[in-house]
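Chemist:
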Amino acid sequence: DTEVTQTPKHLVMGMTNKKSLKCEQHMGHRAMYWYKQKAKKPPELMFVYSYEKLSINESVPSRFSPECPNSSLLNLHLHALQPEDSALYLCASSPSWTPVYEQYFGPGTRLTVT
Amino acid sequence: GENVEQHPSTLSVQEGDSAVIKCTYSDSASNYFPWYKQELGKRPQLIIDIRSNVGEKKDQRIAVTLNKTAKHFSLHITETQPEDSAVYFCAPLYSGGGADGLTFGKGTHLIIQP
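Going down the list, the protein sequences come from chains A and B.
Positions 63 to 176 (my numbering) are the ones given, in order, by the first sequence.
Positions 13 to 126 (my numbering) are the ones given, in order, by the second sequence.
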């Protein structure tokens, strides 16, 4: 299995809601990432997990809360979001124990905050 | 952090012609140079990459060349086809082999004219 899966595919939420995005991979990768992509822009790094520990947090607002419950799963908990947080949220994974740097991206969750 | 510039922002070529996209980076320690392709509504996918000890790499119609002295690398696509229409991102980085988030260039929208 060489795929990263993400659920849900689409999500519409109000500014007072709490929701979670889920990402899963079964390639045995030990590095997982969250990126945010606005329309017509490149993906921007949000968080990096290495061996289930948060290793990079790119000064993301606290209304985004990542969680890595095990080596195959990555969650992004959302709370009190703003309309400007509407974007495509991409999860990615990569091997971290060899000099192999390719990142495998999931299809993304398209989030709309109303 | 890495400062990445990518040119041109839009490139329109006739089907069958060649396309060249250039990426300039600032960190002289960068040792990994990938190109990602993102079709409309799809996830980014790695199409070719090169490491700092190699000057050129080719995979069928796609090639990447690296000039470490000038700190730039380029994507070359020959005999372009309609399915090459997409946004292409470079993402140079320094990696010690662990978990490293990508900093993407702003992207080049490649349009293949029939």
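For glycine and all other residues, C-beta sits at the position ideal for the given N, C-alpha and C.
(1) Report the neighbours of residue 114/A on chain B: residues whose CB is nearer than 8 Å to its CB, in chain order.
(2) Distance check for residue 151/A and residue 62/B, CA to CA, integer angstroms please.
(3) Report yes or no: is there a C-beta of chain A within less than 7 Å of the C-beta of residue 126/B?
(4) If you reduce the DSSP assignment to three classes, tell me which class residue 147/A lands in.
(5) Taking the alpha carbon of residue 165/A as the point to measure from, which residue in 92/A, 73/A, 83/A has its own alpha carbon closest?
(6) For residue 95/A, which residues in chain B fall below 7 Å Cβ to Cβ?
(7) Identify the continuous beta strand (DSSP E) that holds residue 66/B and give its terminal residues.
(8) Which residue comes first and which comes last in the beta strand (DSSP E) that contains residue 69/A?
(9) Listed in chain order, which residues of the segment 13–31 of chain B have Cβ atoms closer than 8 Å to some Cβ of chain A?
(10) Cutting at 7 Å between CB atoms, please list the residues of its own chain near residue 39/B, excluding the five before and the five after it.
(11) Would you report the Cα separation of residue 142/A and residue 124/A, rounded to the nearest angstrom?
(12) Going by C-alpha to C-alpha distance, which of 144/A, 168/A, 113/A, 146/A sits closest to residue 153/A?
(13) Less than 7 Å between C-beta atoms, sequence neighbours within five positions excluded: which residues of the same chain meet that for residue 50/B?
(14) With a threshold of 7 Å between beta-carbons, can residue 38/B be considered close to chain A, or not?
Modeler: With the given structure in hand:
(1) Correct list: empty, because the minimum Cβ distance to chain B is about 11 Å.
(2) Near 27 Å, if we compare the C-alpha coordinates of residue 151/A and residue 62/B.
(3) With 7 Å as the cut-off, residue 126/B does not count as an interface residue toward chain A.
(4) In this structure, residue 147/A counts as helix in the three-state DSSP scheme.
(5) Residue 165/A has its Cα closest to that of 92/A, out of 92/A, 73/A, 83/A.
(6) At a beta-carbon threshold of 7 Å, the residues of chain B lying near residue 95/A are 113, ordered along the chain.
(7) Per DSSP, residue 66/B is not a residue of any beta strand (DSSP E), being assigned neither H nor E.
(8) Per DSSP, the continuous beta strand (DSSP E) segment holding residue 69/A begins and ends at 66–69.
(9) Here the close residues number zero.
(10) Apart from the 5 residues on each side of it in sequence, residue 39/B sits with its Cβ closer than 7 Å to the Cβ of 14, 106 in its chain, given in chain order.
(11) Rounded to the nearest angstrom, the two C-alpha atoms are 10 Å apart.
(12) Nearest of 144/A, 168/A, 113/A, 146/A to residue 153/A, Cα basis: 168/A.
(13) Setting aside the 5 residues that flank it on each side, residue 50/B is surrounded in the same chain by 56, 98, 99, 101, each with a C-beta closer than 7 Å to its C-beta; the list follows chain order.
(14) It does not: the Cβ of residue 38/B has no partner Cβ on chain A nearer than 7 Å.
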